[in-house]
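Heads up: the structure comes next, in structure tokens.
Here it is as structure tokens:
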């Protein structure tokens, strides 16, 4: 028979073993809970961080914001008007043309408007519909990658937006836009658009559109301010530029423009 003191010692040993094992179990449980909490907290942080990055990446340029229905968000300087991107040339009844172009000399074409002059490639063209209190107009906005600057505030490597005086779509023809209407993505050219400022507005039917809300620049008309390199050859208004009526390359136009800019700057 085991002596009482031996029984007591054995029980103490068992107690110590149980306590030690219990502490190990508790420790493992705490570790698992901590790991679980850390994993949940880390996952939540990762989700939040990814959401922030996505929001920053997708944030539109101020003043050129686009809502889910393809409507461009305008500034407070515009009133009574909405602008939205449109597929094709929806509603050709909204396509209008100004009256006959005002005759200008070659020198006046470089001085009549505050224009930038640059060479570049058309990156994208999107048609838009402008609603002036119910009076609709169809136009287009071209994104052009600037490759060489002859005059103006843009820089080489910039991508600028230019408002076109007509929509761009197959089968749509608008008077006095014979050159610009032929623009297509990937097309190289030399462009002479007006520089939009804070006072550049389009007023119609009691509404006002601040043009800077939708583009950086805009063509004064659709024939005389663009020289395009197309599959059919060089396209521009040869009647307006009689000095280079036989020009066949953009290099020919570039040499002429440099001479004219120097001449009109004197």
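In my numbering, the protein residues as written are 4 to 269.
Built from N, CA and C at the ideal position, the CB exists for glycine as well.
The model shown is predicted, which means the values in this text are computed figures rather than measured ones.
7 Å Cβ cutoff met for residue i and residue j
i, j, result
"residue 152", "residue 193", "no"
"residue 124", "residue 142", "no"
"residue 131", "residue 86", "yes"
"residue 145", "residue 128", "yes"
Continuous alpha helix (DSSP H) stretch holding residue i: start and end
i, result
"residue 177", "That residue, residue 177, is in no alpha helix (DSSP H); it is neither H nor E in DSSP."
Close-in-space but distant-in-sequence residues of the same chain around residue i (CB under 6 Å, 5 per side omitted)
i, result
"residue 77", "216"
"residue 259", "247"
"residue 243", "227"
"residue 230", "192, 193, 239, 256"
Reduced DSSP secondary structure (H/G/I, E/B, other) of residue i
i, result
"residue 239", "coil"
"residue 76", "coil"
"residue 214", "helix"
"residue 194", "strand"
"residue 231", "strand"
"residue 82", "strand"
"residue 110", "helix"
"residue 187", "coil"
Own chain partners of residue i with C-beta closer than 7 Å, once the 5 adjacent residues on each side are dropped
i, result
"residue 150", "122, 123, 124, 159"
"residue 182", "225, 226, 229, 231, 238, 239, 240"
Boundaries (first-last residue) of the beta strand (DSSP E) holding residue i
i, result
"residue 143", "138–154"
"residue 264", "First-last for residue 264: 253–268, but that is the alpha helix (DSSP H), not the beta strand (DSSP E)."
"residue 127", "120–135"
"residue 167", "162–167"
Taking 8 Å as the threshold, find out whether the segment 202–210 comes into contact with the segment 225–241 through three or more Cβ pairs.
-> no
Quiz item: If you pair each beta-carbon of the segment 110–126 with each one of the segment 193–205, do three or more pairs fall below 8 Å?
Solution: yes
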